[in-house]
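Asks:
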Amino acid sequence: MLEENATKKKRDDSLKNQSLVCPNPICRKTFTKPLKVENLSSGTTKVYEACPYCLTEITVEEAVSSVEQRLTVEEKKAVKLELKETIVQQPSAEAPKCQHHFGYLSERTSRDKLPEECMLCPKIVQCMLKGVTG
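Okay, so the sequence shown: first residue is 367 according to this note's numbering, each after it adds one.
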């Protein structure tokens, strides 16, 4: 336990003097203090350090020097082109053990009660937005 606390303190001290860059190609913001994020969306709780702007998971090895922080105009354009070329994947149409069809929540009225099984479904947001996003 003492070794774990000592290691954590050393890591925290080293992070104070480092600036980090978000690994998310859209964000790429620089910061010195990452957030501790607790991911509750899956069955097991996962705690990780994340960008304070977009909550993308970071690792300490991704600390960059001031030279690496300066992206050239060509690199920025290349990143933008890559983002335009990526295809957004639609979630699979079937949720496990779903009693309704995918998109059911986007078709119901706001006065209808939300089914209990939908509240527990990991694809609830995609199901609600199916009619909006296509």
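Glycine included, each C-beta is placed from N, C-alpha and C at the ideal position.
Assuming V413 contacts E404 under a Cβ cut-off of 8 Å, what Cβ separation, rounded to an integer in Å, is found between them?
Replies: Residue mapping note: residue 413 aligns to position 47 of the sequence shown, counting from 1. Residue mapping note: residue 404 aligns to position 38 of the sequence shown, counting from 1. Confirmed, about 5 Å.
Asks: Can you check which of these residues, T410, G409, K402, is closest to C420 by C-alpha distance?
Replies: Here the question's residue 420 lines up with position 54 in the sequence shown. It is K402.
Asks: Quick check: what's the CA-CA separation for E473 versus H467?
Replies: The residue given as residue 473 occupies position 107 in the sequence shown. The residue given as residue 467 occupies position 101 in the sequence shown. If I take the Cα positions, the gap works out to 10 Å.
Asks: By Cβ distance below 7 Å, which residues in the same chain neighbour A416 in space, the five residues on each side in sequence not counted?
Replies: Position 50 of the sequence shown, counted from the first residue, corresponds to residue 416. Here the set comprises P400, L401, V403, T422, E423, I424.
Asks: So what's K479 in DSSP terms, helix, strand or just coil?
Replies: Here residue 479 refers to the residue found at position 113 when the sequence shown is read from its first residue. Note: K479 maps to coil in three-state DSSP.
Asks: Mind checking whether E483 and Q465 have CB atoms under 9 Å apart?
Replies: In the sequence shown, residue 483 corresponds to position 117, counting from 1. In the sequence shown, residue 465 corresponds to position 99, counting from 1. For E483 and Q465, yes; Cβs fall inside 9 Å.
Asks: Quick one: what's N405 bridged to in DSSP?
Replies: Within the sequence shown, residue 405 is the residue found at index 39, counting from 1. The partner list for N405 (beta bridge, DSSP) reads K412.
Asks: Please report how far the alpha carbon of C388 lies from the alpha carbon of T398, in whole angstroms.
Replies: By 1-based counting over the sequence shown, the position of residue 388 is 22. By 1-based counting over the sequence shown, the position of residue 398 is 32. Looking at the two C-alpha atoms, the distance is approximately 11 Å.
Asks: From which residue to which residue does the alpha helix (DSSP H) around L421 run?
Replies: Within the sequence shown, numbered from 1, the residue matching residue 421 stands at position 55. Note, L421: premise wrong, no alpha helix (DSSP H); not H, not E.
Asks: Do you know whose CA, among Q492, L495, K395, lies nearest P418's CA?
Replies: For this step, residue 418 is matched to residue 52 along the sequence shown. Considering only alpha carbons, the answer is K395.
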